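See below for the structure under consideration.
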Amino acid sequence: MSLTQYYTATSLDGFIADPDNSLDWLFTRRQDPDGPLNYREFIARVGALAMGSTTYEWILDHEFAGKDPAEWKWPYDLPCWVFTHRRLQVVPDARIEFTSADVAAVHAEMVAAAGDRNVWIVGGGDLAGQFADVGLLDEVIVSIAPVTLGAGAPLLPRRLELQLEELGRNQDLSSARFTVVRRAG
Numbered sequence: 002m003s004l005t006q007y008y009t010a011t012s013l014d015g016f017i018a019d020p021d022n023s024l025d026w027l028f029t030r031r032q033d034p035d036g037p038l039n040y041r042e043f044i045a046r047v048g049a050l051a052m053g054s055t056t057y058e059w060i061l062d063h064e065f066a067g068k069d070p071a072e073w074k075w076p077y078d079l080p081c082w083v084f085t086h087r088r089l090q091v092v093p094d095a096r097i098e099f100t101s102a103d104v105a106a107v108h109a110e111m112v113a114a115a116g117d118r119n120v121w122i123v124g125g126g127d128l129a130g131q132f133a134d135v136g137l138l139d140e141v142i143v144s145i146a147p148v149t150l151g152a153g154a155p156l157l158p159r160r161l162e163l164q165l166e167e168l169g170r171n172q173d174l175s176s177a178r179f180t181v182v183r184r185a186g
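Residue numbering for the sequence shown follows the numbering used here, starting at 2 and increasing by one per position.
Written out as structure tokens, the structure reads:
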């Protein structure tokens with residue numbers, strides 16, 4: 002069965018990016034690529050991606066800065082939906098679909114594209130919250146860095162009830178996997 006998962010990292014005070022949308026605070030942390038809840042094992046079970054426009058633009062700014070668009074290579078060889086209400090720069094030959102549709106309307110398409118693999122809500126927190134709002138988010142997997150940012154993009158900008166399923170330490174990070182508790186009714 003395919004799961005819809007929000008896999009991300011956060012500061013101790015609950016921000017996934019600082020006020021300038023920087024992740025520099027995360028890239029200075031030591032992580033074991035084979036440690037608990039690691040990215041390599043996670044991405045091997047992913048069949049489709051969803052992200053917001055801020056995440057997409059961050060990838061463009063950090064993966065392709067200074068390169069000719071003809072030389073760009075999208076870092077994922079998976080179908081990806083970018084939720085946006087704006088026209089964004091297109092990565093040539095990437096399996097990306099831009100959409101302004103409601104997440105519920107697109108979810109079945111993403112699950113079908115994923116096959117027996119999972120759907121990853123790459124970011125941000127509000128997009129993951131939109132999936133949760135309509136009962137389509139199954140898990141939150143988060144690595145917590147020992148840093149506070151004071152402000153920035155929140156991990157999840159709404160209330161969400163979770164149940165802890167797994168907890169581990171991956172060098173500098175605390176890693177946890179939660180299932181989303183569905184409301185009765």
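A virtual CB, placed ideally from N, CA and C, is assigned to each residue, including glycine. Owing to the predicted nature of the structure, the values given are computational and were not obtained by experimental measurement.
Extent of the continuous beta strand (DSSP E) run through residue i
i, result
"TYR8", "5 to 12"
"MET52", "47 to 53"
"GLN131", "That residue, GLN131, is in no beta strand (DSSP E); its alpha helix (DSSP H) goes 126 to 134."
"ALA177", "174 to 181"
"PRO168", "Residue 168 is actually Leu in this sequence, not Pro. That run of the beta strand (DSSP E) goes 163 to 171."
"SER144", "140 to 146"
"THR100", "97 to 100"
"PHE16", "16 to 18"
Whole-angstrom C-beta distance between residue j and residue i, which should lie under 8 angstroms
i, j, result
"ASP14", "THR149", "4 angstroms"
"VAL188", "GLU140", "Not covered by the structure: residue 188. The range shown for the chain is 2 to 186."
"ALA51", "VAL135", "Not a contact, Cβ separation roughly 13 angstroms."
"GLU166", "ARG178", "5 angstroms"
"LEU137", "ALA102", "About 13 angstroms separates the two Cβ atoms, so there is no contact after all."
"PHE16", "PRO155", "6 angstroms"
Residue nearest to residue i in terms of C-alpha spacing, selected from the options
i, options, result
"GLY48", "ILE97, VAL112, LEU157, PHE28", "VAL112"
"TRP73", "ARG159, PRO93, ARG178", "PRO93"
"ASN22", "ALA45, GLU58, ASN39, ARG87", "GLU58"
"TYR8", "TRP75, ILE122, PRO20", "ILE122"
"ARG87", "PHE65, THR55, GLY67, ASN39", "THR55"
"LEU24", "GLN90, TRP75, HIS63, GLY67", "HIS63"
7 angstroms Cβ cutoff met for residue i and residue j
i, j, result
"ARG96", "PRO70", "no"
"GLN32", "ILE142", "no"
"GLY124", "PRO158", "no"
"ALA10", "SER144", "yes"
"ALA115", "SER3", "yes"
"ALA146", "SER12", "yes"
"ARG46", "ARG118", "yes"
"PRO34", "GLY169", "no"
Limits of the alpha helix (DSSP H) - the one that residue i falls within
i, result
"LEU38", "No alpha helix (DSSP H) contains LEU38, which DSSP labels as neither H nor E."
"ALA105", "104 to 115"
"TRP82", "Taken as a continuous stretch (DSSP letters only), TRP82 belongs to no alpha helix (DSSP H), being part of the beta strand (DSSP E) at 81 to 84."
"PHE28", "25 to 28"
Check: Is the stretch 118 to 132 touching the stretch 172 to 179, taking contact as three or more C-beta pairs under 8 angstroms?
Finding: no
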